[in-house]
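Top line first, the protein sequences correspond to chains P and H.
Position 118, counted from 1, in the first sequence is what full-length UniProt numbering calls 118; the numbers after and before it change by one each time, with no gaps.
Position 2, counted from 1, in the second sequence is what full-length UniProt numbering calls 2; the numbers after and before it change by one each time, with no gaps.
Presented below is the structure to which this report refers.
2 protein chains.
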Amino acid sequence: MGEDSAIIEGTEVALDEARLEAVLEAVEARDGARLTALLEPLHPADIADILEQIGPSERLDLLQLYGREFDGEILSEIDEGIREEVVEALPPEILAEAVRELESDDVVDLLEDIEEPQQRGLILGALDQSERAAVEQAMSYPEHSAGRLMQREVVVAPLDWTVGQTIDFLRGADHLPDQFYHVILVDPRMKPQGYVTLGRVLSSARDAKLKDITEESFRTIQATDEEADVAYMFNQYHLISCPVVDKGGRLVGVITIDDAMNVLDEEHEEDMLRLAGVGDESSLSDGPLETAKSRLPWLVVNLATASLSALVISAFEGTIASLVALAALMPIVASTGGIAGTQSLAVSVRALATRDLTRANAKRVILRELVAGVLNGLGLALILGVAGSLIFGDIKIGLVLAAAMVVNQIVAALGGVLVPLTLDRLGLDPALASGTFVTTLTDVMGFFAFLGLATLVLI
Amino acid sequence: MGEDSAIIEGTEVALDEARLEAVLEAVEARDGARLTALLEPLHPADIADILEQIGPSERLDLLQLYGREFDGEILSEIDEGIREEVVEALPPEILAEAVRELESDDVVDLLEDIEEPQQRGLILGALDQSERAAVEQAMSYPEHSAGRLMQREVVVAPLDWTVGQTIDFLRGADHLPDQFYHVILVDPRMKPQGYVTLGRVLSSARDAKLKDITEESFRTIQATDEEADVAYMFNQYHLISCPVVDKGGRLVGVITIDDAMNVLDEEHEEDMLRLAGVGDESSLSDGPLETAKSRLPWLVVNLATASLSALVISAFEGTIASLVALAALMPIVASTGGIAGTQSLAVSVRALATRDLTRANAKRVILRELVAGVLNGLGLALILGVAGSLIFGDIKIGLVLAAAMVVNQIVAALGGVLVPLTLDRLGLDPALASGTFVTTLTDVMGFFAFLGLATLVLI
């Protein structure tokens, strides 16, 4: 960066593997000074990542060695899976100090993942009275609502203010939020009527009226809105910050895009894990027992649904007994159907999440999946049919394989879109366990179509 | 909103189903005036959604009726799958006008998805010379790089400026970016040295030095950095905007969080679709033929890998012939393994994407998956073993089922984490087709373990 780089202080460095190893060495050597020197230039989010990635005993050692320097922001960055553990490991006075450094929305976020009453008491007790009141007020909104997500500190101006009045007010203000991007215009009853970007305030003449330089993008969020809807809104409309109002339309807070981005990311994680049948509370820092527990439910469900396939197959035991090769061939049809169903499902769940799949195009998308299923079914049937006929020297085996493949590809394509659409219409999460439903469908239909046709044609 | 709501103009309404239906009716009735009245209060992103959701012929009609009012921003919001179609449907002079409304980074984004030379010519031809030069310069950066993503208009100040000088400069500036959140401090060679939030500029005294009120969060991005890394950085460090520099460290542009959020969302889509074996260029507005084509490759691969399972089973035809019930039971072990592998895989791919799974904890995560696999394997084995013994009245069948289940759950758990980790170490996308690999593994091992044990114990 040249000789000027020293002019401005406080630039952070990125976390790399060399530093991570050095941190682990310092922890092992119980060298607190070296540890602090290594962690000091890192962003709290990177320190939180280190805490998540190392083992439980190293984590405890690190917290003891680093305790005195422990920054509040690390607490709010840390994965929910180890929050209680970290909070417990910190000496009470350091925890209290760390909590006092946080904005009220971060304290709310922290409290959401801590159930232990003594720890909750410690955290709430660390706050001064007005801060505690703010946190308790926020906790009164439903979980995963805009009210929990918002920060309560807002920058507002009356409708008739000029740019000059606004700047003078901001210069004289005692306390401003850490980050703010708009001045919100409110009427005398605190109802937001528009907002002005700070860029417009800075670049306009002092006598310009705020209400003449408002943004078209202005909209408001209800405090009870779902945070997933908030994230969608920010992404769809390219919002940077958005006022939050209560039922009466009065301003109660503001949500900024970095929080919305975080929610979007968490929603992604939830979709991906749910689709795969993993409990969405699971975390990479979970131990083996918690990991096993978060996955067992859908495995047991699958055990039950797989028994359906077994029942279907056992109905055709006579057929298999007279031509054992069928037992070897039947998983081909079932498994290719499973892949096709998974493909169609992933596309549909994603499209529902981004609200691209709606009543307006559901019919067209279903029809498209059907036609695509027929096309790929025919293509795969051709390959499998020819190969089967040649290998077994019997064109009838090839025909049965081909016909079963077409049937199952169609079932897969339709199942992949109809299962999540139906869950969505029922008000359920379309990602929830759709995978298990769809693969059960393609397994059962794959075995049934293949063995049924084989019974008719071959036996 | 009460009587004040009319004071500020231009607030947009949200798209709902009633409006969508009204739009479709207006298109069908070829009522251009009504269509314009319905679309006018919508955000361009919502108009783009309408265009994506309706059928191709309705889309053409809508574009013809609405053409004259067509806003440039709709073009940049529209899904890449139908961009060429929309560009082609617009009369050249309306296209030219729409393109001229866009910022240079949006034109770049538009051009990336348009391959037809005549259309590219029309778009580039619509720009004035300096704008065209800016676009061509941006196109010289690699695809999916920070250089493509950034906007080139930046707001900079010399290191020694005061707040007052900055405000006076901004007030007098001819042209400022639509959105900016920081004033970037540069040295005489245009190397960024820090930045100041607009909030700090507004709330500080006129004689305050910019370099005394810079942000700790300051960091820079290389123009050649991958956009996925940029999105990670914004999410990890809660950045709002970030300067982009060339190889020499000179400022060439700035990336804002709304673009980073968009990239994060696209990366997630890519992960989800790739994991399911769908080509990531696919789009909901694709027709059936394109849809079939984007899915066929992995279906054919699966056809080949499923043949491996068939080979394994056929090696045990003698065993199956002497106990046909085995054919019905074998998919239970294989399919439960497939689910467990998918679970482990989803967790690992997600953790690699968020960089939570690193060299520092890979061993611990692998060990955790192994232990969790053993635990769930034992749990499932107990259920299946008891059920099998009771149903078939033969404890040996129960034991074979149970043992095969434990083996396959372990294979699934390890495969789910080792396959993506290996792909990642090889520099490949860990999501790419891991699903097919892992389910092949669990199918083959499931059939082999079950039929192999059955041959040893039962026959």
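C-beta: ideal position from N, C-alpha, C; glycine also.
Please identify the residue among the options whose C-alpha is closest to the C-alpha of residue i.
{"i": "L62(H)", "options": "L275(H), D79(H) and E28(H)", "result": "E28(H)"}
{"i": "I221(P)", "options": "E136(P), D229(P) and L122(P)", "result": "D229(P)"}
{"i": "E77(P)", "options": "L42(P), D160(P) and G446(P)", "result": "L42(P)"}
{"i": "D49(P)", "options": "G81(P), Q64(P) and R30(P)", "result": "G81(P)"}
{"i": "E21(P)", "options": "N361(H), N408(H) and A403(H)", "result": "N361(H)"}
{"i": "Q343(P)", "options": "L380(P), T439(P) and L311(P)", "result": "T439(P)"}
{"i": "V312(H)", "options": "A14(P), M330(P) and M261(P)", "result": "M330(P)"}
{"i": "E317(P)", "options": "I54(P), G452(P) and S57(P)", "result": "G452(P)"}
{"i": "A325(H)", "options": "I47(H), I459(H) and A26(H)", "result": "I459(H)"}
{"i": "G67(H)", "options": "A454(H), T214(H) and R30(H)", "result": "R30(H)"}
{"i": "E85(P)", "options": "A304(P), E58(P), M233(P) and V457(P)", "result": "E58(P)"}
Could you give the first and the last residue of the continuous beta strand (DSSP E) run that contains residue i?
{"i": "I184(P)", "result": "H182 to V186"}
{"i": "Q193(H)", "result": "P192 to T197"}
{"i": "S241(H)", "result": "S241 to V245"}
{"i": "P158(H)", "result": "V156 to P158"}
Compute the beta-carbon to beta-carbon distance between residue i and residue j, rounded to the nearest angstrom, for a pair I have assumed lies under 8 Å.
{"i": "S434(H)", "j": "V349(H)", "result": "7 Å"}
{"i": "I240(H)", "j": "D259(P)", "result": "That pair is no contact at about 12 Å."}
{"i": "E73(P)", "j": "P44(P)", "result": "4 Å"}
{"i": "residue 464(H)", "j": "L149(H)", "result": "Beyond the ends of chain H as shown, which are 1 and 459, falls residue 464(H); an answer cannot be given."}
{"i": "V419(P)", "j": "A381(P)", "result": "That pair is no contact at about 24 Å."}
{"i": "S104(P)", "j": "A146(P)", "result": "With a Cβ gap of about 15 Å, S104(P) and A146(P) do not count as contacting."}
{"i": "N302(H)", "j": "T436(H)", "result": "6 Å"}
{"i": "A327(H)", "j": "I320(H)", "result": "5 Å"}
{"i": "L95(H)", "j": "L51(H)", "result": "Rounded, the Cβ-Cβ distance is 14 Å, inconsistent with contact."}
{"i": "L296(P)", "j": "G379(H)", "result": "6 Å"}
Quick one: Cα of residue i to Cα of residue j, how far?
{"i": "E115(P)", "j": "I366(H)", "result": "29 Å"}
{"i": "G277(P)", "j": "V411(H)", "result": "18 Å"}
{"i": "V155(H)", "j": "D106(H)", "result": "19 Å"}
{"i": "L124(H)", "j": "E93(H)", "result": "13 Å"}
{"i": "Q193(P)", "j": "V245(H)", "result": "39 Å"}
{"i": "P243(H)", "j": "I332(P)", "result": "53 Å"}
{"i": "I8(P)", "j": "T36(P)", "result": "Confidence at I8(P) is low in this model, with a pLDDT of 48, below 50, so the placement of that residue is unreliable and no value is reported for it."}
{"i": "S5(P)", "j": "R219(H)", "result": "Here S5(P) scores only 40 on pLDDT, less than 50, and its place in the model should not be relied on; the value that follows carries that caveat. Each residue's Cα considered, the two are about 12 Å apart."}
{"i": "S309(H)", "j": "D443(H)", "result": "6 Å"}
{"i": "A89(P)", "j": "R355(P)", "result": "43 Å"}
{"i": "D113(P)", "j": "D79(P)", "result": "9 Å"}
{"i": "F447(H)", "j": "F392(P)", "result": "22 Å"}
{"i": "A126(P)", "j": "H175(P)", "result": "20 Å"}
{"i": "G10(H)", "j": "Y195(P)", "result": "Its pLDDT being 46, under 50, G10(H) is placed unreliably by the model, and the measurement read from it follows with that caveat. Near 12 Å, if we compare the C-alpha coordinates of Y195(P) and G10(H)."}
{"i": "L323(H)", "j": "N408(P)", "result": "27 Å"}
{"i": "G32(P)", "j": "Q64(P)", "result": "9 Å"}
{"i": "A346(H)", "j": "I397(P)", "result": "37 Å"}
{"i": "A413(H)", "j": "T291(P)", "result": "11 Å"}
{"i": "S307(H)", "j": "G377(P)", "result": "17 Å"}
{"i": "L441(H)", "j": "S314(P)", "result": "25 Å"}
{"i": "L111(P)", "j": "A98(P)", "result": "14 Å"}
{"i": "G2(P)", "j": "I167(P)", "result": "With a pLDDT of only 39 at G2(P), under the threshold of 50, the placement of this residue in the model should not be trusted, and no figure is reported."}
{"i": "P56(P)", "j": "L357(H)", "result": "16 Å"}
Counting along the chain, where does the alpha helix (DSSP H) carrying residue i start and finish?
{"i": "I255(P)", "result": "No alpha helix (DSSP H) holds I255(P); the beta strand (DSSP E) holding it covers L251 to T256."}
{"i": "P92(P)", "result": "P92 to R100"}
{"i": "L13(H)", "result": "Here residue 13(H) turns out to be Val, not Leu, going by the sequence shown. Looking at the DSSP string, V13(H) is not in any alpha helix (DSSP H), and its letter there is neither H nor E."}
{"i": "N361(H)", "result": "Run containing N361(H): none; DSSP gives neither H nor E here."}
{"i": "F234(P)", "result": "E227 to Y237"}
{"i": "G136(H)", "result": "What sits at residue 136(H) in the sequence shown is Glu, not Gly. That run of the alpha helix (DSSP H) goes Q129 to M139."}
{"i": "W298(P)", "result": "P288 to A315"}
{"i": "F447(P)", "result": "S434 to V457"}
{"i": "R59(P)", "result": "P56 to Y66"}
{"i": "R150(P)", "result": "It should be noted that the sequence gives Met, not Arg, for residue 150(P). Taken as a continuous stretch (DSSP letters only), M150(P) belongs to no alpha helix (DSSP H), as it is neither H nor E."}
{"i": "I167(H)", "result": "V163 to G172"}
* Examine the Cβ distances between the segment 145–162 of chain H and the segment 177–189 of chain H and report whether three or more of them are shorter than 8 Å. => Yes: at least three Cβ pairs fall under 8 Å.
* Would you check if there are 3 or more beta carbon pairs closer than 8 Å linking the segment 336–356 of chain H to the segment 248–255 of chain P? => Under the 8 Å Cβ criterion, the segment 336–356 of chain H does not count as touching the segment 248–255 of chain P, having fewer than three qualifying pairs.
* **Inter-stretch contact at 8 Å, needing at least 3 Cβ pairs: the segment 286–293 of chain P / the segment 167–187 of chain P** => Under the Cβ criterion (8 Å, minimum of three pairs), the segment 286–293 of chain P does not count as touching the segment 167–187 of chain P.
* To do: Specify whether the segment 263–273 of chain H and the segment 264–276 of chain P touch according to this definition: at least 3 beta carbon pairs, one from each stretch, less than 8 Å apart.
  => Of all C-beta pairs linking the segment 263–273 of chain H to the segment 264–276 of chain P, three or more are shorter than 8 Å, placing the two stretches in contact.
* Evaluate the contact criterion for the segment 164–173 of chain H versus the segment 193–211 of chain P: three or more CB pairs, one atom per stretch, below 8 Å. => Yes: the two stretches touch, three or more of their Cβ pairs being nearer than 8 Å.
* **Any 3 or more C-beta pairs closer than 8 Å across the segment 381–388 of chain P and the segment 402–416 of chain P** => Yes: the two stretches touch, three or more of their Cβ pairs being nearer than 8 Å.
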